[in-house]
Amino acid sequence: MEEIEDLAADSLIKDVVVDVSITNLVLAELYANGEMEISISIKYFNFIPTSWPNDNYPKIILFNVDFQKNGSEWEITSMEEI
Numbered sequence: 304m305e306e307i308e309d310l311a312a313d314s315l316i317k318d319v320v321v322d323v324s325i326t327n328l329v330l331a332e333l334y335a336n337g338e339m340e341i342s343i344s345i346k347y348f349n350f351i352p353t354s355w356p357n358d359n360y361p362k363i364i365l366f367n368v369d370f371q372k373n374g375s376e377w378e379i380t381s382m383e384e385i
């Protein structure tokens, strides 16, 4: 995220898109486990300086995630990068 903030400071980034998905979800009453994928994409304006790391995006980060139900809400109790 710090890298994206640095690029955005130059005002040539049009949009930052963050997508989160959870797969392989296993539910057991008050507990759940699954895999979370976070994908970060950057959309630039027409000009991209050659020094910018445009080949590093989209960035995909995978996690094993544990959830616990608290009332009617699910909370993340553990999140470990794969």
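First residue of the sequence shown: 304, per our numbering; consecutive thereafter. Glycine included, every Cβ here is placed at the ideal spot set by N, Cα and C.
Q | Alpha carbon of residue 336 to alpha carbon of residue 385, nearest angstrom | A | Translated into positions along the sequence shown, residue 336 becomes position 33. Translated into positions along the sequence shown, residue 385 becomes position 82. Each residue's Cα considered, the two are about 14 Å apart.
Q. Which residues mark the beginning and the end of the beta strand (DSSP E) in which residue 375 is found?
A. By one-based count along the sequence shown, residue 375 stands at place 72. Taken as a continuous stretch (DSSP letters only), residue 375 belongs to no beta strand (DSSP E), as it is neither H nor E.
Q. Is residue 332 helix, strand or coil by DSSP?
A. By 1-based counting over the sequence shown, the position of residue 332 is 29. Coil at residue 332, not helix or strand.
Q. By DSSP, does residue 385 sit in helix, in strand, or in coil?
A. The sequence position of residue 385 within the sequence shown is 82, counting from 1. Of the three classes helix, strand and coil, the one that applies to residue 385 here is coil, per DSSP.
Q: Please go through the same chain and pick out, in chain order, the residues whose beta-carbon is closer than 6 Å to the beta-carbon of residue 325, but skip the five residues on each side of it.
A: As a working note, residue 325 is residue 22 in the sequence shown. Closer than 6 Å at Cβ, skipping near neighbours: 337, 339.
Q) Among residues of its own chain, excluding the 5 on either side of residue 321, which ones have a beta-carbon nearer than 6 Å to its beta-carbon? A) By one-based count along the sequence shown, residue 321 stands at place 18. 343.
(Q) Can you tell me whether residue 345 is buried or exposed? The criterion is at least 16 other CB atoms within 10 Å of its CB, across all chains shown. (A) If you number the sequence shown from 1, residue 345 lands on position 42. The residue is buried, with at least 16 neighbouring Cβ atoms inside 10 Å.
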